[in-house]
Amino acid sequence: MIIMPALSPTGEHNMLNKGIGQKGRYTWLGSSTKEALQTIFTRPFYILQKVIFEMGGALYVALILMIFLGLPLLG
Numbered sequence: 001m002i003i004m005p006a007l008s009p010t011g012e013h014n015m016l017n018k019g020i021g022q023k024g025r026y027t028w029l030g031s032s033t034k035e036a037l038q039t040i041f042t043r044p045f046y047i048l049q050k051v052i053f054e055m056g057g058a059l060y061v062a063l064i065l066m067i068f069l070g071l072p073l074l075g
């Protein structure tokens, strides 16, 4: 609980940001579970756009794939 807040841009633990705990991560989906599920099922392209382009998902997937591309070189 010491290192993560020190490295955080807000100075707080990400999971405890704004006093709402883990739920703060998913507020972009909706303010309730019902709204979040509704967004997931009715706006899948919005979610893909948000995750891949705005939340750094493309970089994450690229890094994972780069690791697997190196495996054939070992054999």
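Mind the numbering: the sequence shown is residues 1 to 75 in our numbering, read in order.
A virtual CB, placed ideally from N, CA and C, is assigned to each residue, including glycine.
The beta carbon of residue 51 sits closer than 8 Å to those of 57, all from its chain and outside the five residues before and after it, given in chain order. For residue 67 and residue 59, the gap between their C-alpha atoms comes out near 13 Å. Residue 39 and residue 30 have their C-alpha atoms spaced approximately 7 Å apart. Boundaries of the alpha helix (DSSP H) harbouring residue 63: 57–69, taken from the DSSP string.
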